[in-house]
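These notes concern the structure reproduced below.
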């Protein structure tokens, strides 16, 4: 597992994120959005995850505006390319390396996790 915690290493966890604004600088992650093994992603919608462009926001940003769930957000890459993705999950920041998170690392406080469809557009 590429993002699994290493036994004995300490990982930073985050209780908050920078204030959510119209444009936020973020750390972009590529992930699989696999419902059978979601890792640090916590679904915010009951709809099936499929092959559409999808994103997950860090816990602090997600909790600042839960109404973003199921809505489209725009992702802007450093190269100037943009992609639109449906926000379907929270990228969990307050804890990591837990069994119910498939022993994955906690997300950064300014994380936006995207699936392959978004990554390819950027």
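Residue numbers (full-length UniProt numbering): 1 to 122.
From the three backbone atoms N, C-alpha and C, an ideal C-beta is built for every residue, glycine too.
Cβ neighbour criterion (16 or more within 10 Å) applied to residue i
i	result
residue 53	buried
residue 96	buried
residue 40	buried
residue 106	buried
residue 78	exposed
residue 58	buried
Span of the alpha helix (DSSP H) around residue i
i	result
residue 99	Looking at the DSSP string, residue 99 is not in any alpha helix (DSSP H), and its letter there is neither H nor E.
residue 116	116-121
residue 63	59-64
Unbroken beta strand (DSSP E) run spanning residue i, endpoints
i	result
residue 74	72-76
residue 42	41-43
residue 87	82-91
Rounded straight-line distance, which links the Cα of residue j to that of residue i
i	j	result
residue 99	residue 121	33 Å
residue 29	residue 67	22 Å
residue 17	residue 3	21 Å
residue 49	residue 88	8 Å
residue 76	residue 23	9 Å
residue 109	residue 14	6 Å
Per DSSP, the bridge partner or partners of residue i
i	result
residue 111	27
residue 104	4
residue 54	86
Validate contact between the segment 61-76 and the segment 1-11 using beta carbons, cut 8 Å, 3 pairs: Using a Cβ-Cβ distance cut-off of 8 Å, the segment 61-76 and the segment 1-11 are not in contact, since fewer than three pairs of beta carbons, one from each stretch, lie closer than that value.
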